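In this text, residue positions in the sequence shown follow this note's numbering: the first is 1, and each later residue adds one.
Step one of this worksheet: look at the structure below.
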Amino acid sequence: MRVLVYGAGQLAQMMYLAGVPLGIDVQAVDVKDDTVVHPVSKRPLEQNLVQAIESSDALTVEFEHVPERLLEQAAKTDKLMPSMDAILVGADRVREKHLLERFSIPNCPHRIVTHLDQLDDCVKTLGDKLIIKASRDGYDGYGQWRLKDASQLESIKDALSGLDLEAVPLVVEKMLQFERELSLIGVRSRSGEIKVYPLAENLHHNGQLHVSVAPASQVSEALAEQAQQIFTTLAEGMQYVGVLAVEMFQCGEELLVNELAPRVHNSGHWSLSGAHTSQFENHLRALVGLPLGDTRALSPSAMINVIGCSTFSRDLLSIPGCHLHWYGKSVREKRKMGHINVTADSYAQLGEKLHKLSGYVPTEYFPELEKEADRLL
Ligand code: ATP
Ligand code: MG
Ligand code: MG
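Structure representation (structure tokens):
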């Protein structure tokens, strides 16, 4: 069996690795030049894109910003999973908000802005603490502007003045005071079977994910049920096939959806060692029509992103339950180079291990690590 992934980064690589024991061959498309490449070596394969599409059982994406002409070509085959509509929802915050409203799923108070004058109205209705998001092409906090008080409004308008808001509107959100960020990774199969992973708690730094802990601690049954209900509504509503990630803010005992990722997700990487079945394996199982694997956690676990740095001692692997996943990319500022998974018998032990880990890595690249270690202890 073969699965073709649009995008040739680390997510395609991890899907490839998960496919090996299942006998599923995963190939990747470099969307810059439409070449079909090996997901690990990135070397071009013999087949061209049309041949690769024909010889694949399923087509999927590792990121939502795949050029629409490629999605249209893929969608013609009936092998694209999730559907083009679901992928476009993840790629466009306006579509995303419309979908959330259509399914009555709680989300951030927001306005859609197609003209800069409307920003004054936003301040009136949403307050003067706002996050302004470009509706397309943003990730890791790029394409966002923060209004901290009304006096900044004019300078923000200046910063936004070059944008064509008719073509790409802004989504302006109220800046929420939430308790924490949680994400739900779930999977729906071709036959409609649904499984969800336990919630992960996510720590961000400058708009970028640094640490996830799963299962998130202190999750009441009601909260877990709310998350599962949100996932089921979305996945069934979209007739979704594959892994879907739902980023949420916890405000008291209510979950507000921040955004959706129609793919395997960074906050689900813990499942490689912390769950019975990884998100990558479950995504492939869903796509090719196999029964889904157990999504329960095996133990408390943490995932730490290695961002913008490659020089640290690999001796961190001496910590029991510590695993390195390296993506083989050249170093760039803010670039996700790899991640470290740590599992433990208890949250306190997980905290101890994260403390140990911080002794092996340069603190400036791991700003959330000590904080999280202390919190878990
Ligand atoms: P990703 O890499 O997760 O796709 P992104 O660039 O699409 O990120 P968001 O997830 O929308 O951006 O926002 C990045 C982070 O900014 C969030 O994880 C959260 O910490 C913060 N944030 C976003 N929206 C709000 C909000 N309305 N109120 C408070 N904080 C917010
Ligand atoms: Mg995003
Ligand atoms: Mg996000």
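Every residue gets a Cβ at the ideal spot worked out from N, C-alpha and C, and that includes glycine.
This structure is a prediction, so every number in the text was calculated from the model and none was measured.
For residue i, three-class secondary structure by DSSP
i: T35; result: strand
i: E54; result: helix
i: I156; result: helix
i: Q208; result: strand
i: E201; result: strand
i: Y404; result: Because residue 404 is not part of the residues shown, which for the chain are 1 to 377, the question remains open.
i: A402; result: Shown here, the chain extends from 1 to 377; a query on residue 402 therefore has no answer.
i: L88; result: helix
i: K353; result: helix
i: S273; result: helix
i: Y360; result: coil
i: N266; result: helix
i: H323; result: strand
i: L298; result: coil
i: G19; result: helix
i: E333; result: coil
i: E68; result: helix
i: V172; result: strand
i: R281; result: Before going on, a small fix: residue 281 reads as Glu here, not Arg. If DSSP states are grouped into helix, strand and coil, E281 belongs with the helices.
i: V40; result: coil
i: E372; result: helix
Proximity winner among the options, relative to residue i (alpha-carbon distances)
i: Q152; options: E166, G127, V171; result: G127
i: A224; options: L244, V213, E254, Q208; result: E254
i: S25; options: L287, L71, I307; result: Note that residue 25 corresponds to Asp in the displayed sequence, not to Ser. Here the closest residue by C-alpha is L287.
i: A12; options: D315, N206, S212, V61; result: V61
i: W326; options: H269, E281, E368; result: H269
i: L244; options: P106, C251, G252, E259; result: E259
i: D374; options: S56, C309, Q239, E352; result: E352
i: L170; options: G242, H38, M14, V113; result: V113
i: R296; options: V89, M303, N282; result: N282
i: A348; options: H204, A302, S318; result: A302
i: D345; options: A214, F231, L17; result: A214
i: D57; options: M248, M1, G252, E221; result: M1
i: S191; options: Q226, A235, D158, H204; result: A235
i: L324; options: S273, K371, E154, P82; result: S273
i: V187; options: Y139, F280, S161; result: F280
Whole-angstrom C-beta distance between residue j and residue i, which should lie under 8 Å
i: H115; j: L165; result: 6 Å
i: Q144; j: I132; result: 7 Å
i: A75; j: M81; result: A75 to M81, Cβ: 10 Å. No contact.
Own chain, CB closer than 7 Å to residue i, minus 5 neighbours either side, in chain order
i: F312; result: Y360, V361, P362
i: K42; result: A8
i: L209; result: N202, N266, S267, N305
i: K148; result: K129
i: K356; result: I319
Cβ shell of residue i (< 8 Å), same chain only, five flanking positions each side left out
i: G308; result: V331, R332, E333, K334, R335, M337, Y365
i: K79; result: I53, S56, D57, A58, L59
i: E181; result: E201, N202, L203, H204, E247, M248, F249, Q250, N258
Residues of its chain near residue i, where Cβ-Cβ distance is below 6 Å and the 5 sequence neighbours each way are ignored
i: E193; result: L292
i: G289; result: R190
i: T343; result: S273, G274, S299, S301, G321
Runs of beta strand (DSSP E) wholly within the segment 206–262 (minimum 3 residues, chain order)
208–214, 242–251, 254–261
Quick one: complete beta strand (DSSP E) runs, 3+ long, within the segment 88–157?
110–113, 130–134, 144–147
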